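Enquirer: Sharing a structure below in structure tokens format, with a few things to ask.
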Amino acid sequence: MAGLIKVSAGGSLGPCPLCGAAEGQAMTVHRSAGGALSFLRCAAFAGGRAVEAALLHCASCDFAYFSPRPDAAFIDGYYRSQAGQGGDPTPETLRRKVAAWSTAQEVAAVAAFLAGHGVRLEPGAQSLVVDVGCGAGEFAAFVHRQGVPVLAVDPGRANCRFVADEIGCAVAECDVADVPEQYAGRASLVHCKDSLEHHADPAASLAAMGRLLAPGGHLFLSVPNWNSRTLQADVFNHPYFAFPAHLNYFSATALEKALGRAGLRIAALTGTTFVSELFYCAERAIKLQGLRPEWAQLDADAAAGALERLLVLAEKA
Ligand SMILES: [Zn+2]
2 MAGLIKVSAG GSLGPCPLCG AAEGQAMTVH RSAGGALSFL RCAAFAGGRA
52 VEAALLHCAS CDFAYFSPRP DAAFIDGYYR SQAGQGGDPT PETLRRKVAA
102 WSTAQEVAAV AAFLAGHGVR LEPGAQSLVV DVGCGAGEFA AFVHRQGVPV
152 LAVDPGRANC RFVADEIGCA VAECDVADVP EQYAGRASLV HCKDSLEHHA
202 DPAASLAAMG RLLAPGGHLF LSVPNWNSRT LQADVFNHPY FAFPAHLNYF
252 SATALEKALG RAGLRIAALT GTTFVSELFY CAERAIKLQG LRPEWAQLDA
302 DAAAGALERL LVLAEKA
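For any residue, its number in my numbering is found by taking its place in the sequence shown, counting from 1, and adding 1.
Right, here's the structure in full:
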């Protein structure tokens, strides 16, 4: 019932941020005593302010989202508070993030996923890779080292300075929708890992990614999987999943429709757990060295419906 429900913060709920449905479409997510989801609404505090939002599900496109959206100043204050001391993360903090063991695993896993579908990160194979929501440049640094041209995009000032100084690749300090026009139609690959769930206007972001791609170019996307039972169980209690950091939750159906509106067609889609990166790495180890690590826990997680993340490869027509 988007447009009819009033929240105590005072804002009326707008149309679905992914498909734009505006009348009689969204329902507030809740659960019964035995269900998976525990609350209807969340509050967040930052910069001396509090905002409140409800988790809605769009019946039209199967997208789940917090509404109303906090304003940009509030979100900025929230991230600064998360970075520590209420300010930007220091270069030392970002350096530790890039050097973390799990970073190399995640980057290798994405590269393996792409290679598995014929998208190689080698000189000559890519005209330009755009890394959307580049963070500390974990993936951008890898691509740059391969000798592939890369443009790192992030709205965070500290991230952009760090990437420019440490990696030396092209950097755009902005949202993806505001990337300079000179890059339109030039990317052979857009990489957007664990970022779209933070975007206030995911439809605009996907449209912008579509515009950056050359015909035949690819978009790699990883997002929280709305249909994951463990994600639903954690969505309000886990600091990673919680409002206001995550504003959006996607299903395969929602993504297929949204990507279609952005001129993109899904070439591959799979569900993974957060340790699935290890799986990809191990798979390669098995092939290369005949090793066989224990994956019982991963199998158990998958069987229990974990699969908290969707990995997507889409292609521009
Ligand atoms: Zn929708």
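Where a beta carbon is used, it is the ideal one built from N, C-alpha and C, also for glycine. What you are looking at is a predicted structure, and each value in this text was computed from that prediction instead of being measured.
#1: If you draw a straight line from the alpha carbon of V133 to that of E316, how long is it in whole angstroms?
#2: For F1, name the three-state secondary structure that DSSP assigns.
#3: For G218, report the span of its beta strand (DSSP E) as first-last.
#4: Kindly examine ligand 1 and report whether one of its heavy atoms sits closer than 8 Å to the Cβ of G261.
#5: Can you grab the Cα-Cα spacing for the pair V131 / P16, in whole Å?
#6: Looking only at its own chain, which residues have a Cβ that is under 6 Å from the Cβ of H118, when we skip the five neighbours before and after it?
#7: Our contact map puts V30 next to A65 with C-beta atoms below 8 Å; I'd like the distance itself, whole angstroms only.
#8: Compute the Euclidean distance between the alpha carbons of C135 and V111, then round it to the nearest angstrom.
#9: Could you check what DSSP says for N228 in three-state terms: helix, strand or coil?
#10: Could you give the residue range of the alpha helix (DSSP H) that holds P21?
#11: With hydrogens ignored, establish whether the beta-carbon of L14 is closer than 8 Å to any heavy atom of ligand 1.
#12: Compute the minimum distance between the beta carbon of S61 and the heavy atoms of ligand 1, and state whether it is under 8 Å.
#13: Kindly indicate which residue of A23, L95, G88 and K258 has the alpha-carbon position closest to the one of D166.
#14: Taking 9 Å as the cut-off, decide whether the C-beta atoms of C43 and A259 are in contact.
#15: Which one of A105, V172 and F140 has the shortest CA to CA distance from L122?
#16: Could you tell me whether the Cβ atoms of A201 and A73 are closer together than 9 Å?
#17: Mind reading off the beta-carbon distance from A159 to D89? Whole number of angstroms is fine, and I expect it under 8 Å.
#18: Can you tell me whether A255 sits near ligand 1, meaning its C-beta is under 8 Å from at least one heavy atom of the ligand?
#19: Establish whether the CB of D195 and some CB of chain D are separated by less than 9 Å.
#20: Start and end of the beta strand (DSSP E) containing G272?
#21: Enumerated in chain order, which unbroken segments of the alpha helix (DSSP H) with a length of 4 residues or greater are wholly contained in the stretch 115-172?
#22: Could you check whether the Cβ of F46 sits closer than 8 Å to any heavy atom belonging to ligand 1?
#23: To the nearest angstrom, report how far apart D179 and H145 are at their CA atoms.
Expert: Short version:
#1: Going by the C-alpha atoms only, they are around 16 Å apart.
#2: This structure gives no information on residue 1, because the portion of the chain shown stretches from 2 to 318.
#3: Here the beta strand (DSSP E) through G218 covers L214 to P225.
#4: G261: no, Cβ never under 8 Å from ligand 1.
#5: When rounded, the distance between both Cα atoms is 29 Å.
#6: A269 and L314, listed in sequence order.
#7: Between V30 and A65 the beta-carbon gap is near 6 Å, inside 8 Å, which marks them as a contact.
#8: Approximately 14 Å, taken between the alpha carbons.
#9: In the displayed model, N228 falls within coil according to three-state DSSP, outside both helix and strand.
#10: Inspection of the sequence shows that residue 21 is occupied by Gly rather than by Pro. Counting along the chain, G21 falls outside any alpha helix (DSSP H), and DSSP gives it neither H nor E.
#11: Incorrect: L14 has no Cβ contact closer than 8 Å to ligand 1.
#12: Within the cutoff, so yes.
#13: Considering only alpha carbons, the answer is L95.
#14: Not closer than 9 Å, so no.
#15: Closest option to L122, Cα to Cα, is F140.
#16: The answer is yes: Cβ separation under 9 Å.
#17: Contact between A159 and D89 holds, since their C-beta atoms are separated by about 4 Å, short of 8 Å.
#18: Yes, since a heavy atom of ligand 1 falls inside the 8 Å radius drawn around the Cβ of A255.
#19: Going by chain labels, chain D is absent from the structure shown, which holds only one protein chain.
#20: Going by DSSP, G272 is part of the beta strand (DSSP E) stretching over L265 to T273.
#21: Listed in chain order, the complete alpha helix (DSSP H) runs (minimum 4 residues) inside the stretch 115-172 are 139-146 and 158-167.
#22: Set against 8 Å, the gap from the CB of F46 to the closest heavy atom of ligand 1 is not smaller.
#23: Distance between the alpha carbons of D179 and H145: 23 Å.
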